[in-house]
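Numbering (the numbering used here), first residue to last: 89 to 198.
Glycine included, every Cβ here is placed at the ideal spot set by N, Cα and C.
Structure record follows, encoded as structure tokens.
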Amino acid sequence: LPTALLTFAGGCFALAVAAPIQLLMIRSAQGAEMLGAAFTQAAFNMGNALGAYLGGRPLAAGFGYTSPELVGAAMALGGVGFAVLLLRDRAAQQPALLAEPVAELAAPLT
Numbered sequence: 089l090p091t092a093l094l095t096f097a098g099g100c101f102a103l104a105v106a107a108p109i110q111l112l113m114i115r116s117a118q119g120a121e122m123l124g125a126a127f128t129q130a131a132f133n134m135g136n137a138l139g140a141y142l143g144g145r146p147l148a149a150g151f152g153y154t155s156p157e158l159v160g161a162a163m164a165l166g167g168v169g170f171a172v173l174l175l176r177d178r179a180a181q182q183p184a185l186l187a188e189p190v191a192e193l194a195a196p197l198t
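Here is the structure:
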């Protein structure tokens, strides 16, 4: 039962994340929104194919049926690392907020 519940929760999470990712790609691809949507779908398909291939390699090598879990964990860790790098890069590109208050805003109300 816990495995079935986690499988269901994982599927729900994957579907819940897919639409915001596609929306983010479409908004980022100004002037080429359709191309952004197509690349998002292509990236999901590439991830599915790569996951199936890399998950099948340990099985073909004779390891147990639980060995693809380690491959999946490594892929997930790589994705988290990539997301952290992307967020760090994006934060560095954002203009800094005002370090000092603007004089008009800091003046006392009379």
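By the neighbour-count criterion, in which a residue is buried when 16 or more other Cβ atoms sit within 10 angstroms of its Cβ, Gly135 is exposed. Separation of Gly99 and Ala171 (C-alpha to C-alpha, rounded to the nearest whole angstrom) is 20 angstroms.
The three-state secondary structure of Ala104, taken from DSSP, is helix. Under the Cβ criterion (8 angstroms, minimum of three pairs), the segment 136-147 does not count as touching the segment 165-182. The C-beta distance from Gln110 to Ala125 rounds to 6 angstroms, short enough to fall under 8 angstroms. The three-state reading of DSSP puts Gly119 in coil, since its state is none of H, G, I, E or B. The segment 124-186 is shown to contain whole alpha helix (DSSP H) runs of 4 or more residues at 155-181, in chain order. One alpha carbon belongs to Thr95, the other to Glu157, and they sit about 13 angstroms apart. The Cβ atoms of Ala131 and Leu123 lie no closer than 8 angstroms to each other. A Cβ-Cβ distance of about 7 angstroms is found for the pair Met113 and Phe127, placing them in contact under the 8 angstroms criterion.
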